[in-house]
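Q:
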Amino acid sequence: MEQIANLAKSYCGKKDALIQVLHMSQTIYGYLPMEVQQIVADALDIPVSEVSGVVSFYSFFSTQPRGEHTIRVCLGTACYVRGGKKIVERLQELLGVNVGDTTADRKFTFEVARCIGACGLAPAMSIDDVVYKQVDPDKLEQILARYYQEGVSAS
Ligand code: FES
284 MEQIANLAKS
294 YCGKKDALIQ
304 VLHMSQTIYG
314 YLPMEVQQIV
324 ADALDIPVSE
334 VSGVVSFYSF
344 FSTQPRGEHT
354 IRVCLGTACY
364 VRGGKKIVER
374 LQELLGVNVG
384 DTTADRKFTF
394 EVARCIGACG
404 LAPAMSIDDV
414 VYKQVDPDKL
424 EQILARYYQE
434 GVSAS
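Everything in the sequence shown is counted per the numbering used here, starting at 284 for the first residue and increasing by one.
1. Per DSSP, what kind of secondary structure is A324 in: helix, strand or coil?
2. For I329, does the three-state DSSP call read helix, strand or coil?
3. Between which two residues does the beta strand (DSSP E) containing S409 stretch?
4. Use the C-beta contact count for V338: other C-beta atoms within 10 angstroms, 16 or more gives buried, fewer gives exposed.
5. Could you tell me if the beta carbon of T353 falls within a distance shorter than 7 Å of some heavy atom in ligand 1?
6. Measuring only the C-alpha atoms, how far is A407 from Q417?
7. Identify the residues that DSSP records as bridge partners of R355: which are they?
8. So who's on the other strand from Y431, going by DSSP bridges?
9. Roughly how many whole angstroms lie between the Cα atoms of T392 and I322?
10. Have a look at E376, V319 and G367 and flag the residue whose alpha-carbon is nearest the alpha-carbon of T346.
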């Protein structure tokens with residue numbers, strides 16, 4: 284919190300600094316709860332409502348703790364008709380969380396997407412920058428296990 288306050292103060296009075304400060308704050312703290320938003324608002328000398336408005340507008344800002352890895356299951360048309368929903372259901376079972384949530388061990392944040400550019404090889408999902416194509420729900424456990432093995436490439 285102190286690091287964020289000092290950082291934000293160094294940007295006080297600078298035009299258009301808010302998004303940059305919020306990015307850096309999220310990198311430091313992991314997410315942007317109201318306490319962090321208040322610190323940023325105080326340090327930049329702007330209303331906290333302005334900070335909250337920006338945080339809620341941009342999807343890359345999160346007010347909830349995020350996992351180390353982000354899983355996005357595609358539910359665009361091609362993936363949906365080829366079984367995207369089964370992937371979502373299996374991941375809900377394996378992770379023990381619903382879409383939009385983060386696992387208790389903070390390993391994964393689980394989200395859905397509209398299209399991740401792999402429609403020809405649907406159903407698809409991504410974990411961070413890695414896209415998995417023609418995903419078989421029975422292989423999901425194996426895929427997730429890779430992310431628990433330290434030092435093993437996720438791809
Ligand atoms: S619809 Fe799923 S990748 Fe395009």
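All residues carry an ideal CB built from backbone N, CA and C; glycine is no exception.
A: Straight from the coordinates:
1. Here residue 324 refers to the residue found at position 41 when the sequence shown is read from its first residue. Of the three classes helix, strand and coil, the one that applies to A324 here is helix, per DSSP.
2. By one-based count along the sequence shown, residue 329 stands at place 46. DSSP places I329 in coil when its eight states are reduced to three.
3. For the purposes of this step, residue 409 is taken as the residue at position 126 of the sequence shown. M408 to I410 is the extent of the beta strand (DSSP E) around S409.
4. Here residue 338 is taken as the residue at index 55 of the sequence shown, counted from 1. Label assigned to V338: buried.
5. Here residue 353 refers to the residue found at position 70 when the sequence shown is read from its first residue. No, since every heavy atom of ligand 1 falls outside the 7 Å radius drawn around the Cβ of T353.
6. The sequence position of residue 407 within the sequence shown is 124, counting from 1. The sequence position of residue 417 within the sequence shown is 134, counting from 1. Straight-line Cα distance between these residues: approximately 6 Å.
7. Taking the first residue of the sequence shown as position 1, residue 355 is located at position 72. Answer is E394 and S409, bridged to R355.
8. Numbered from 1 along the sequence shown, position 148 holds the residue referred to as residue 431. DSSP output for Y431 lists no bridge partner at all.
9. Within the sequence shown, the letter at position 109 stands for residue 392. Within the sequence shown, the letter at position 39 stands for residue 322. Rounded to the nearest angstrom, the two C-alpha atoms are 25 Å apart.
10. Counting from one through the sequence shown, the residue named residue 346 turns up at place 63. Distance from the Cα of T346 is smallest, within the candidate group E376, V319 and G367, for V319.
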